[in-house]
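2 protein chains.
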Amino acid sequence: MDLSSFLTSLVTSFIIFMVLVFVFTWLSRKPSNAVIYYPNRILKGLNPCESGRRTRNPFAWIGEALRSSEEDIIAMSGVDTAVYFVFLSSVLGIFTLSGIVLLPVLLPVAGTDKGMKSKSEGNNNEAMTSLDKLLMGNVTENSPRLWAFLLGTYWVSFVTFYVLWKAYKHCSELRAAAEMDPGLKPEQFTVLVRDIPPVPEGQTRKEQIDSYFKSLHPETFYRSMVITNNKEANKIWEELESYKKKLERAELTFSESKTASNPDGTRPTNRTGLLGLIGQQVDTINHCNDKIKDLSQQLEVEQKITVKEKQQASALVFFNSKPAAATAAQTLHAQIIDTWTVMEAPEPRQLIWTNITMKFYERQIRKYVIYTIAFLAIVFYMVPIAFVSAFTTLRNLRNLLPFLKSIVDQPAIKTILEAYLPQIALIVFLALLPSFLLFLSKSEGIPSESHVVRAASGKYFYFIVFNVFLGVTLSGTLFSSLKTIEKNPNQIITILGHSLPTNASFFLTFVALKFFVGYGLELSRLIPLIIYHLKKKYMCKTEAEVKEAWAPGDLGFATRVPNDMLIVTIVLCYSVIAPLIIPFGVMYFGLGWLILRNQALKVYVPSFESNGRMWPHMHSRILAALILYQITMTGFFGVKKFYYTPFLIPLPILSLIFAYVCNKRYYLAFRSTPLEVVAHSAKDVPNMEMVFAAYVPPCMSLDKFNDADQFGEARSQP
Amino acid sequence: MDLSSFLTSLVTSFIIFMVLVFVFTWLSRKPSNAVIYYPNRILKGLNPCESGRRTRNPFAWIGEALRSSEEDIIAMSGVDTAVYFVFLSSVLGIFTLSGIVLLPVLLPVAGTDKGMKSKSEGNNNEAMTSLDKLLMGNVTENSPRLWAFLLGTYWVSFVTFYVLWKAYKHCSELRAAAEMDPGLKPEQFTVLVRDIPPVPEGQTRKEQIDSYFKSLHPETFYRSMVITNNKEANKIWEELESYKKKLERAELTFSESKTASNPDGTRPTNRTGLLGLIGQQVDTINHCNDKIKDLSQQLEVEQKITVKEKQQASALVFFNSKPAAATAAQTLHAQIIDTWTVMEAPEPRQLIWTNITMKFYERQIRKYVIYTIAFLAIVFYMVPIAFVSAFTTLRNLRNLLPFLKSIVDQPAIKTILEAYLPQIALIVFLALLPSFLLFLSKSEGIPSESHVVRAASGKYFYFIVFNVFLGVTLSGTLFSSLKTIEKNPNQIITILGHSLPTNASFFLTFVALKFFVGYGLELSRLIPLIIYHLKKKYMCKTEAEVKEAWAPGDLGFATRVPNDMLIVTIVLCYSVIAPLIIPFGVMYFGLGWLILRNQALKVYVPSFESNGRMWPHMHSRILAALILYQITMTGFFGVKKFYYTPFLIPLPILSLIFAYVCNKRYYLAFRSTPLEVVAHSAKDVPNMEMVFAAYVPPCMSLDKFNDADQFGEARSQP
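Chains as they are written, first to last, in our numbering: chain A, 688 to 1405; chain B, 688 to 1405.
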């Protein structure tokens, strides 16, 4: 790619970004759009605008985002979001500190050498561009200038260690503070018990669980809740809820139809058959009322049946103090380990009910089956990606499909195509995967939503690094040099080292596109806005339906984190080879921080809270990217025939030691709750009935339904 | 090796064994030797002979060993010994079940084929022996007869799975029973705390620990004991003890010297200088009395200084109930994990005081340094072993050192040398290592003796398998075929496969020598007997000294288990290639079971009790041997060019799954104490002062010394 197409791409991206920012400024000032641009504040009962009045300054949001403290973020969006900002600012810090040293040093060192020119003239296989002159590839083989790059590699590594160490400490403190918070968190009193052995003769499941835990925790056991198979009850409940909605809607329609000309109104009718198209015509309001009455009775019967007959081999056990629950969750209970397995209970809203009841070995088997499927998916997606990236250079396209020549050779089209085509193809391609990976992770049998998100994020990270980063680098190289390799397979390392810098410009454009267009869209929320207005106009009637139409969702860490990780990996790996990428990385994370700060404060509503459990996941992936970078650099220095390349070997070892120490020092406190933390929080016993009630699934709790009946005999401590 | 030298070796071994058994029968009937042959019974205050009278039957011990139940073993020698017998009988079971099927099937199948003969004639590089005819090597390549061997491989694997599953279950029950035992075990009330952070201003170490644990365990915390650096105190205490012994001895000498001719006796004297050879001549009794008085005072002063000034960042924390201690030991205490690390306390007698106070990262670093040293030791011991096994064939010896020809060519010498020389060299060689490995493992910073034994046993196992088994197999092969390999390196697999059966006879003799001579010596206890009689005659005076001279020691699992494992590995790996080895394996473990049963009941006194913690260690190593066998077989079938070799690939995978399931199901209960077990044991609170006193190191507890002073302020619960 030459300089002009690179600049075209940058400028176009920037223009799109500015347009989107302008659109945002314009649209967000209209009160009717407040539910799209300030839903988090509205749901929390706050005035959409922070200062209480609409400012005239269109960039007020920037000031608000910059002024907001970590406490604001925790208050508005929870610890998980605060930890995500720690991640963003850590990476920003790593890139800024790296850039301050690498840019002024390495660019002149590379730019004034002539290594590539002399080579290109010899090989005559590639045109020299002004961009490529600034890359490490331009340095002569085994030149003493390479020392600067080697020291640069060390600098980036040590900056990363320093920033990550600080960040891990900070996240650990955030988590401890959140766990010490005196507010009622039902999950701190609860333990999830799975793999309960078969009920002994003459006991009910409930008696079995209660007697077991009462004997082991005589003073702290409060009561237990047997997990039931709620499939049937849930089905009825959902049907009931849908009729309730229908009724509300019909009543609204009816009252609206009462105009002056028609004071009695027209009672809405519908057909009972398929999609309301066939079957008997009925009065909707009456029909719904009948149905609701009917289903309520059914639900009540089903609830009783469920409680009695559909008990599973799992339970939630409640303790009357936080330390008791924390110790119980960490202590081995049974001599045979695949029975009575205990773990800390997730938040009620995160519980995945269907996964709780899965048996021990079923979970294990599912886990490995899913790993295999994910592995296959990651490896064999390589095929289409390789195909896509083979087309990423116009020259390849023209060579392969000669009939395109006449179109492609026009300079304007050529520039635009070269700048955008491959990146857009890649981004669209990546949009297909996340939901598949979330589905896979859920099938593993993980009992909590936040863990599923982490698992999906992990899989997505592998996918992205293997396929996008390695895939593009390798297959771009392989394709363009296929003939050379065919003749002499041993040359592959040399070719890889030579063309790694060639791909730098691809990734420069990729990063720029991501942050300008990606964050522009993020800020402007054009798509949710359009969908909302369409829905509001054509589909929503009732208040609840409108509310549903603008529900902002959460930040979507499952895809957001791996996408950021891809940028981390790309920028780290190219930081020394092509230092020009660092400002792009800084822009990505700086802009990201700013815009997401706005979104976190005003838009997204987190759907669960895991107290920063995501951090170790991010930490180890940043380190993985760092190690990949260090290994890549060792290979690249080798290709440059630098005599002192072995000086790089300590780096990956240092990274591993760093990872080990961090893990030893901080990780366990993210996996289980330290006693210190829960014991030092408020000591007064809360209303245990509320803790219990928080875990009753919605389909099992009706006003009519007195759950004291259900669990009456369980009250060990009234 | 030909048949005659093989038989010579067998017969000689058997004769030595019979002689040793006869010696045992004769010597053990002399009452003066009772302390050597029945020390365990004597120390337990029982009559040396079980029936109370000396039977005339010289083989009564066999009957007694066979009649003894597992409860007898647990009562006399503890759960660890019982688990060791589970190991012996499991392996015996595996070999017996394998042999019942493999011997009658595979021997005829191999013996009636002519594969080796036809090959030998072609290659003309090896003489045909009658033993080699019974090996799998004798089967023609890709013959359908190989199906029998393939099914044999499956049979051995499934037999192993079945027996190991039963055994693991049994050991788990044994451990649970031992932990439920109502007898007082101080370690069940105690938690070892390490890595305590620096003492805050204005607090003592003791106050810091007490306040921390009192706040986390307000109801169950009893008191704490700060670990002190006892080096000085211990030195004084040891000196004091030595003077006490000297005094006792001098008084005995004095009273003995009071004969009729010299009614006042001669007061013994000694010199105070180096080794009692130089310096001032003093009256021993007076001198010792002075010294004891002096040292007692010194010790008292030192104890006070130690308690006040030499406190370390570790402590033992005592709880007033077993479940409280078990949960505390399993619960994470601090947010920062490298502080306040807790673990279950080992038995008082197992505690390695100097290792307890080691810091977190020091332990980690030491661990990896030791692993590296152990790895180097294992790998580079290969050099001398390769040298030894190069000499194991007389032909090599004669070829290398031609001047030996005249001696070696005499048939009698040749037979004896061939039969014994290499095996003896190997056994002597192996005797040097165990103490080095124990020292290494102790330096890792492991706080309990039983864990050190396991760690040393693990290292020894790797050493033995890599060096003895693989070393002998590979270097025997490499040496004899060096020239062939030099010319064509790719032939190495073919050569290995071809000469694996050649080494079978070496291992047959090795196993036979091990069980006949090894267990013969074990039973006869000739060496301890001689040492005891020498000591008694020339060195021991007082009762205590004599008792020390016959102290039997424990079973020495650190070397015993890996040696048995070597036999397991050898017999498993050759079970199908050379089924003749199975009866030898059965003999080894049958005879071992019988003789060690006798030794456990009557001789050895275990020095610690880890409630069968050794079993998972043995289990996983048996499985490792099985997997090595399965992989070897896959390679060997490949060399035999058997078309259906891939049918063996599921076997190692099955073994891994089996290991995984066993581990998941049983292992954790061996690592930490399940709540179920301790909660169901006796509930009455013992005398907590006794629990505390059990952990006071001997140098810190004197009658005079009132430890209530030391820990007075700690009594949280009077």
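Ideal Cβ placement from N, Cα and C applies to all residues, glycine included.
All figures in this text were calculated on a predicted structure; none of them were measured in a lab.
Spatial neighbours of Q1037(A) in its own chain (CB-CB distance under 7 angstroms, excluding positions within 5 residues in sequence) are listed in chain order as S1135, E1136, S1137, F1295. Contact check for F1271(B) against L1195(B) passes: the beta carbons are separated by less than 8 angstroms. Contact between L790(A) and I1269(A) holds: CB atoms are separated by about 6 angstroms, below the 8 angstroms threshold. Using a CB distance cut-off of 8 angstroms, E1363(B) counts as an interface residue toward chain A. For R1053(A), not one C-beta of chain B is nearer than 8 angstroms to its own C-beta.
A Cβ-Cβ distance of about 7 angstroms is found for the pair V1273(A) and L779(A), placing them in contact under the 8 angstroms criterion. Look at the beta carbons and you see the region 1353-1367 of chain B touching the region 1020-1032 of chain A: at least three pairs across the two are nearer than 8 angstroms.
As the crow flies, the alpha-carbon of I1103(A) is around 7 angstroms from that of S696(A). By the C-beta density criterion, M763(B) is buried, having at least 16 other C-beta atoms within 10 angstroms.
Think of a sphere of 9 angstroms around the beta carbon of A1013(A): the chain B residues whose beta carbon falls inside it are T1018, L1019, in chain order. Residue environment analysis places Q1097(A) among the exposed positions, since fewer than 16 neighbouring C-beta atoms fall within 10 angstroms of its C-beta.
When C-beta distances to chain A are compared with 7 angstroms, the residues of the region 891-907 of chain B below that value are S902, L903, in chain order. A straight-line Cα-Cα distance of about 34 angstroms links L707(A) and L861(A).
Interface flag for K1351(B) against chain A is set, since a Cβ pair is found closer than 8 angstroms. Listed by position along chain B, the residues whose Cβ is nearer than 8 angstroms to that of P873(A) form an empty set, because the closest Cβ is around 20 angstroms away.
With fewer than 16 other Cβ atoms inside 10 Å of its own Cβ, W713(B) counts as exposed. The contact set of L1338(B) on chain A, defined by CB atoms closer than 8 angstroms, is empty, because the minimum CB distance reaches about 18 angstroms. For the 8 angstroms CB-CB criterion, T971(B) and N957(B) form a contact. From the listed residues V792(B), T993(B), S755(B), S898(B), the smallest Cα separation to K918(B) is found for T993(B).
For V1255(B) against A1312(B), the beta-carbon gap comes to about 5 angstroms, under 8 angstroms, which counts as contact.
Under the 8 angstroms criterion on CB atoms, D1025(B) is classed as interfacial with respect to chain A. Nearest CB-CB separation between S859(A) and chain B: below the 8 angstroms threshold. Interface annotation, L879(A): not in contact with chain B, CB-CB separation never under 8 angstroms. Within the region 702-767 of chain A, the alpha helix (DSSP H) runs of at least 4 residues that lie entirely inside it are, in chain order, 721-724, 726-730, 747-754. The beta-carbon separation of G765(B) and P1293(B), rounded to 5 angstroms, stays under the 8 angstroms limit for a contact. Within the same chain, Cβ atoms closer than 6 angstroms to the Cβ of L784(B) are found at V846, the five residues on either side in sequence being excluded.
For S1135(B), no alpha helix (DSSP H) run applies, since DSSP gives it neither H nor E.
Taking all protein chains in view, the Cβ of I1052(A) is surrounded by fewer than 16 other Cβ atoms within 10 Å, so the residue is classified as exposed. Closer than 8 angstroms to the CB of L1313(A) there is not a single CB belonging to chain B.
In the three-state DSSP reduction, A1002(B) falls in the strand class (E or B). Under the Cβ distance rule, L1355(B) counts among the residues neighbouring chain A, one pair being separated by less than 8 angstroms. Taking a C-beta cut-off of 9 angstroms against chain B, none of the residues of the region 1127-1142 of chain A qualify. Inter-residue distance for E751(A) and G1205(A) is about 21 angstroms (C-alpha atoms, whole angstroms).
A check of alpha carbon separations from I1217(B) across R910(B), G1145(B), A1236(B), P905(B) identifies A1236(B) as the nearest. With three or more CB-CB distances shorter than 8 angstroms, the region 1326-1333 of chain A counts as touching the region 824-843 of chain A.
The C-beta of P1303(B) comes no closer than 8 angstroms to any C-beta of chain A.
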